[in-house]
Structures are given as C-alpha cells and as structure tokens.
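Working notes for the structure below.
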Amino acid sequence: MTMQRRDFLKVSAAGLAAAGFPLRAHAGAAKAKVVIVGAGFGGATAAKYIRMWDPNIEVTLIDREPKFVSCPMSNLVLAGLKTLDDITKTYDALKTTYGVNVVVDSVTAIDTDKRTVKTMNGSFAYDRLILSPGIDFRFDQIEGYDAKAQQRILHAWKAGEQTLKLRQQVESMKDGGLIVVGMPLAPYRCPPGPYERVCLIANYLKRAKPKSKIIMLDANPDVVSKKPLFMKAWNTLYSDWVEYRPNSKVVKVDAEGMIASTEFEDLKADVINVIPPQRAGHVAELAGIRTDSNGVWCPANFVTYESKAKPNVHVIGDALLSNFPKSGHMANNMGKVCANAVVELLNGRQPDPVPVVSNTCYSAVSEDRAIHVATVFRYDPAKDQMTAQPGGGISSDLSEEEAIYAEAWAEGIWSDTFL
Amino acid sequence: MIRTTALLATLLLASPALSNPVAMPTRMPAGPVSLDAFKGWVAVPVAVMINGQITTQWMLVPAQAVAGVAAATPAPAVEAGAPAAPPADPAATHGRVIAATCASCHGTHGISHGAIPGLAGLEKAYFVKQMKAFQDGSRPATVMHQHAKAYSDDEIEQMAAIFAAVKP
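In structure tokens:
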C-alpha cells in the first residue's frame, strides 16, 4: 500500500477529528483559553500545572492583589516569630517560567453564557473558567460588627495588613491585659488555625507580657481540630495564660466599649479578635455558583471540580461545598486535579475518573514545637463523594522534629504553588 | 498497516529519549514531533480503527510530509520537551496527578526545597520499598505512615516510576 502525501494528511486530519483532538491547535488557530480568578493556593497551582501539562493552553490568572500573603505561617507573625515579608510571595515565576498571563485587577462581572470575565480594566473570554475565590466574611451575623467596628476589632483571617495590625495591637497592649479571640462554627477556613493562633499569642504573652491572659470563645461544642494536641499545649505550656470556652459563640461586639458578648456573658477586653462566619468569595456569587441550600458554598463534582450550577465553570479551594478541611494544602491539591481535568477535557479526552487528594496541615504550638493532621481522600464513584482513607491521623505528640517539617512544608507548598 | 503502526508506537515508547517525565510531560503535543533517534522522520498521532474501536496510535512519517503543519504550529512558551503518547484510557493521567499531590510537600517533580526529603531520581524499587515500609510501620515516620496507607500497590508503582525518571 502506498500513500501519497496529500492522502496521508487527509487521513491524519480525519483521524484526529475522530479521536476528538482539537484541530485548531494543530492548524495554529486560536488556542484554548482558560481564565482563573483567585491567585492563592488553588488558582496559582491550577495555572502552573495547566501550563506544565499543556503549554498550548493560554492561561490568564486574575487577582486583585499584586502579591500573595500566606495565611499558613501568618500566626507566627502575630507572635513576632516571623515577618510579613517572610510569608509574602510574588507571581513572577508564574509569568516568566510558566508563561501565565497574570492580571492584577478586580473582577466586576462574569457572563457564563457568553463565557466572559469582566474586570475594572478589561474583558477576558474563556473556554473554561476556574474560580478559586476563597472566602468572604459574614460580618452581618454578629451584631455591631459593622465597618466602623471592623477598624478596631480585627479578623486577621486573611493574611496581610490585618495580620500586622493585630500584631501591633497585641504588642502595644499593657502587661496584665486581656485578649479575647472569637471563632465561628465549622466549616470555616483553616480548622486548626484559631487554636494555633491562641497558642502563639500565648507564647508571646508568656515571653513578653507574662501577667496577661487570652480567652478563646469557640462557637463549636469542642475543639474542632487536633484536639488532644492543642489541649496538651494549653495545659502544659500555657496553663497560666490560656482559657478555652466551648459553646461560646460571639453574637455581639461593642468596639467603643471593647466588649465581646456571647449568649451568656459580656467580656471586656484590651484586644478583641473575632473571626466571623464565612462563605464562598464574592466572585462565586458573580458567576452564580454559590448555590448550596444556604447560598454559602459552591457545589461541584469531585472529578473535574466543574460547578453543579454552571457548565465550564470550575471551583476549587475554600469556596467548595465538601467534606474537605478548608486548607491551603487542599486548595493546592484541588488545583492539580482541576488542572488535569481541564487539560484533558480541552484535548477531547477523559479526566482521571478516580482522583485522590491529600491534606497535610502543620500547626506551630510554640517557637520550637509543631503538630500536624494528615488525611487522604479518594473519590468514590458509587457514592459520588470523597472518602477519607484509612491511615490518616494526627501527631503522636508536640514535636521539635515536626517544627522543622512545618517550616519545610511551607517552603515546599509555596514553591510548588508559585515557583 | 495496523501492525506496523503498533510496532512503531512501541519503538517510540521504548526510546530512552522519551523516558523522562520532566522533559516529557504526559500531554498531547501540538503537532508532529521530530525524534533524534529517527532523523528525518516525525511522529504524528493518528486514529486507527481496530475491531470497530477508534484508538489513537503514533505513526512515523517523513518530516517533509508534514512540514507545512509543523511550521504552522506555534512554539510553546515553556520548554516542551519530547512528546508522550496520548493517554489510551481515562485513568491514564491518574499517576501524574497523585505524583503531583506529593509535590505539595516534596516540591514540584519531587525536587525538594527544604528539610522534607526529595523524591526526584529515587530508584524505583527503593521508593516502592519505602512506601511499603511506611505502610507496615517498619520504617518509623512522623507523617508518611499516615499517607502511605491510602495508596494501592499499583499507585505506588506509578508514583515510583514517575519520580525515578526525574533528574534531581
């Protein structure tokens, strides 16, 4: 059998089309376009891995902030053990090494029919859209926590300026002062984070203001994450400084009088730090995907992270409705599963049908000791859910070795996400 | 014809130039790909009908036969490296995704940036043995014993192969 050049090309092109390959890429026509909104652990990871796995896809990554400030490790800034510079990362490598089009701008509208994202200064067409919008705070759930009160009563639950301000409040407090930390009912961003914060602020008080005290008002009936380990830290390292109160939801704040109120008591304090209840970030609402029964989180399928409300719109990270802990590590892992799915779908192939993701989350409990929780989740097609796999668990004890790994974990995930 | 194509595909997959996943991301190339080992020839993906099923195979053809197509293919913005055969089944990308999830701690491609040991370039048999040792507790660990138990033997083999092929 002989084959003429023209015949071969004809056969080849027909074959490619039959196999579902996007011929436009081969013909040098328009490339597939992916737009990603939110350049945190989820969005930045998705951008990098899409470009790694298919450089023919054009990726635009939009965030309103010019730099990334890491929530993981930010509690160490509160304790004076790290600076904000230590936990601030740039998008330079995403641009130069991976060819991601990074746009610093605010998203104003998303048209999921016309597949367009509008920002203050531009408009971006997409074949597939990935939203990693993080969380918004529901200040309206706490009486008195209005814009004015927010100037004095901080959340510091998005790292950055708020982290520095809370550090300044703690640092300028007189010795003998009282700090109140209020935390919301689960689910919220970073399950162990509030307890780590209490440990590290107590660590600072123990060193610098030993007559001071910190009271934690937990809306939950019990410690949500790494309970025996945090209890051990409070009982052995900080028994003179920390008081933990479960079932104590902050329902009202008075920024003038510096009072935090639960249903049972009013607490007057020198520093009040209230982490409000949360929901998926505003961008999710713009896309119409914040569609769980309370209009709070975003349902999606666990194979592609495509929204259950809108086709071609994917959602990852804290905004997702799931049984996952809302952690940076999970967002990074979801970024990879979603990147793979988007690459495969845009190339006319099927994505990995049984994705596996994992979470490893370290918390510092002092300047030289840390603890972790680790869980692996595997997709169960029969139940259409992610199932925690056997073997997961927490540290056996507060550990100096794990303090070294906690630092290395941060360096690892920052590099895997941004470098 | 079918037999010839399959043979060529086998040759391509066996080529040492194609065994490094860093240089060879498992993706579909934009167009025909030239191969050092087959000078003057390029590999192109073609769909063939076998037993009524359309499957994708790689085919070697003279470079000049597809010169026009190659010229029209835009150069990738990042290093593209050599090609991989397209995944033959939906689970084909499972391995690269689970290997990528290791990277959150161990660094992209298993190239570590800190105290957590790197995985890049670890001998395949060594990697498999360590994962089994984490699973049965014979290698003490702070966290790896908790992760290792979640993966099947086949998944451990896949991860091992991917990291073994990375140049650290």
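Residue numbers (the numbering used here), protein chains in the order written: chain A, 1 to 419; chain B, 1001 to 1168.
By construction, the Cβ of each residue, glycine as well, lies at the ideal position given by its N, Cα and C atoms.
These numbers were taken from a predicted model, which means no experiment stands behind them.
Contacts with chain A at 8 Å (Cβ-Cβ) do not include Ala1133(B).
Per DSSP, the unbroken alpha helix (DSSP H) holding Ile201(A) starts and ends at 193-208. Beyond the five residues adjoining it in sequence on each side, Gly176(A) comes within less than 8 Å, by CB distance, of Lys209, Lys211, Ser212 in the same chain, given in chain order. Counting C-beta pairs closer than 8 Å gives three or more between the stretch 128-138 of chain A and the stretch 298-313 of chain A, which meets the contact rule. Between the C-alpha atoms of Ala147(A) and Ile272(A) there is a straight-line separation of about 15 Å. Nearest to Thr262(A) by alpha-carbon distance, out of Glu171(A), Thr236(A), Asp218(A), Thr116(A), is Asp218(A). Contact annotation: Pro1168(B) and Gly1121(B) have beta-carbon atoms nearer than 8 Å. Boundaries of the beta strand (DSSP E) harbouring Glu58(A): 58-63, taken from the DSSP string. When 8 Å is used as the limit between beta carbons, Thr360(A) is near these residues of chain B: Ser1104, Cys1105, Val1143, His1147, in chain order.
Using a Cβ-Cβ distance cut-off of 8 Å, the stretch 52-60 of chain A and the stretch 75-87 of chain A are not in contact, since fewer than three pairs of beta carbons, one from each stretch, lie closer than that value. Annotation: Cβ neighbours of Pro1090(B) in chain A (cutoff 8 Å, chain order): Arg349, Gln350, Pro351, Asp352, Pro353. When the alpha-carbon of Ala159(A) is set against those of Thr88(A), Gln141(A), Val198(A), Glu411(A), the nearest one is in Thr88(A). Per DSSP, reduced to three states, the secondary structure at Phe68(A) is strand.
Interface residue (Cβ-Cβ distance to chain A less than 8 Å): Val1128(B) is not classified as such. Interface flag for Ser1138(B) against chain A is unset, since no Cβ pair is found closer than 8 Å. Distances from the alpha-carbon of Ser363(A) to those of Met216(A), Ala374(A), Val356(A), Lys252(A) put Ala374(A) closest.
Here Ile1116(B) really is in contact with His1106(B); their C-beta atoms are around 6 Å apart, less than 8 Å.
Bridge partners of Phe137(A) according to DSSP: Gln278(A).
Put simply, of Arg189(A), Tyr188(A), Gln168(A) the residue whose alpha carbon is nearest the alpha carbon of Ile201(A) is Gln168(A).
Counting every other CB atom within 10 Å of its CB across the protein chains shown gives Asp352(A) a total of 16 or more, marking it as buried.
Between Val107(A) and Thr119(A), the beta carbon gap of about 5 Å places them in contact (Cβ cut-off 8 Å). In this model, Val104(A) and Arg64(A) are separated by some 5 Å (Cα to Cα). Listed along the chain, the chain B residues whose CB falls inside 8 Å of the CB of Ser399(A) are Thr1142. Distance from the Cα of Ala1125(B) is smallest, within the candidate group Gly1095(B), Asp1153(B), Arg1096(B), for Asp1153(B). Pairing Leu94(A) with Lys33(A) gives a Cβ-Cβ distance that is not under 8 Å.
Here DSSP, grouped into helix, strand and coil, assigns Glu243(A) to strand. Rounded to whole angstroms, Thr1093(B) and Phe302(A) show a C-alpha spacing of 15 Å. The continuous beta strand (DSSP E) containing Lys268(A) extends over residues 266-268. Residue contact check for Ser366(A) against chain B: no CB pair falls below 8 Å. At least 8 Å separates the CB of Ile1162(B) from every CB of chain A. Classified as exposed, Lys67(A) has fewer than 16 neighbouring CB atoms from the shown chains inside 10 Å of its CB. Identification of chain B residues near Gly393(A) by a Cβ-Cβ cut-off of 7 Å yields Gln1146, ordered along the chain. Contacts with chain B at 8 Å (Cβ-Cβ) do not include Asp85(A). Beta-bridge partners assigned by DSSP to Arg378(A): Val356(A), Thr387(A). According to the DSSP assignment, Met52(A) belongs to the alpha helix (DSSP H) that extends over 41-53.
In the structure shown, the three-state DSSP call for Tyr362(A) is strand.
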